[in-house]
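Position 124 of the sequence shown, counting from 1, maps to 882 under the working numbering, and the rest follow consecutively.
Okay, structure first, notes after.
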Amino acid sequence: ELSFGKNFAVQTELNYTQKGFQVNEDFDLSLFNVPLPVGATAISKFHYLEMPLLAKAKFGTGNTQLYLLAGPTFGYALSGNLKTRARFIIELDVSNTDINLDAVNYERFEVGGMAGIGFNVDTGFGRFFMDARYSHGFTQPYDIPLAHERVQHYNIGLNAGFVIPLGG
759 ELSFGKNFAV
769 QTELNYTQKG
779 FQVNEDFDLS
789 LFNVPLPVGA
799 TAISKFHYLE
809 MPLLAKAKFG
819 TGNTQLYLLA
829 GPTFGYALSG
839 NLKTRARFII
849 ELDVSNTDIN
859 LDAVNYERFE
869 VGGMAGIGFN
879 VDTGFGRFFM
889 DARYSHGFTQ
899 PYDIPLAHER
909 VQHYNIGLNA
919 GFVIPLGG
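The following block contains the structure:
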């Protein structure tokens, strides 16, 4: 965090985050007039390194401060995985496959935006913080042609931690 006075700072971080989506398809099959649930699920998970560059407005005096965060995020997809499940009376794991992101033309670089609200408490030897954030990806990482779906990432996150000053 780089402070510009008491009430404003710029904060950058390096975060690991997991993103993905899930597709479900279900229907009932009638066998001897008995409805049987049949379906399939595909669950994707993508592992990202993400670096937000956040403007931080701080409010309050004393040991406790409220703050607002907003700014761009820059991410890079490290790897991906696709897990499939099938349901016919029981649920079975069908496959668990690593995705070659380059082979499927996955856009590894992601640009997005983030906004949040939080508070920190000065303990004398560091600061405890807790915040809630919303982030939204502006980049379309992948187009699912058969489903005609546009994929974009968005999430809500809760963060808590302890900041120990390293200098000054």
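For every residue, glycine included, the Cβ atom is placed at its ideal position computed from N, Cα and C.
These numbers come from a predicted model, not from an experiment.
| Query | Result |
| --- | --- |
| Taking the beta strand (DSSP E) that Phe887 belongs to, which residues open and close that run? | 885-895 |
| Could you tell me the alpha carbon to alpha carbon distance between Thr831 and Gln823, rounded to whole angstroms? | 24 Å |
| Check whether the Cβ atoms of Pro810 and Glu865 sit closer than 9 Å, and answer yes or no. | no |
| Using alpha carbons as the reference points, say which of Leu772, Asn782, Val768 lies closest to Leu812. | Val768 |
| On the three-state DSSP scale, how would you describe Arg866? | coil |
| Using only the alpha-carbon positions, how far apart do Gly827 and Gly919 sit? | At residue 827 the sequence reads Leu, which differs from the Gly that was named. Answer to the nearest angstrom: the Cα atoms are 16 Å apart. |
| At a cut-off of 8 Å, is Leu850 close to the ligand GTP when judged by its beta-carbon and the heavy atoms of the ligand? | Ligands are entirely absent from the displayed structure, and the ligand GTP is therefore not among its contents. |
| Would you mind working out which of Phe883, Phe762, Ala873, Val796 sits nearest Leu787, comparing C-alpha positions? | Val796 |
| Assuming Val909 contacts Phe779 under a Cβ cut-off of 8 Å, what Cβ separation, rounded to an integer in Å, is found between them? | 6 Å |
| Taking the straight line between their C-alpha atoms, what separation do you get for Asp889 and Lys764? | 19 Å |
| Is it buried or exposed for Ser853, if we count other Cβ within 10 angstroms and need 16 for buried? | exposed |
| Classify Gly874 as helix, strand or coil using the three-state DSSP reduction. | strand |
| Can you find at least 3 beta carbon pairs, one from the segment 831-848 and one from the segment 857-875, that sit closer than 8 Å? | yes |
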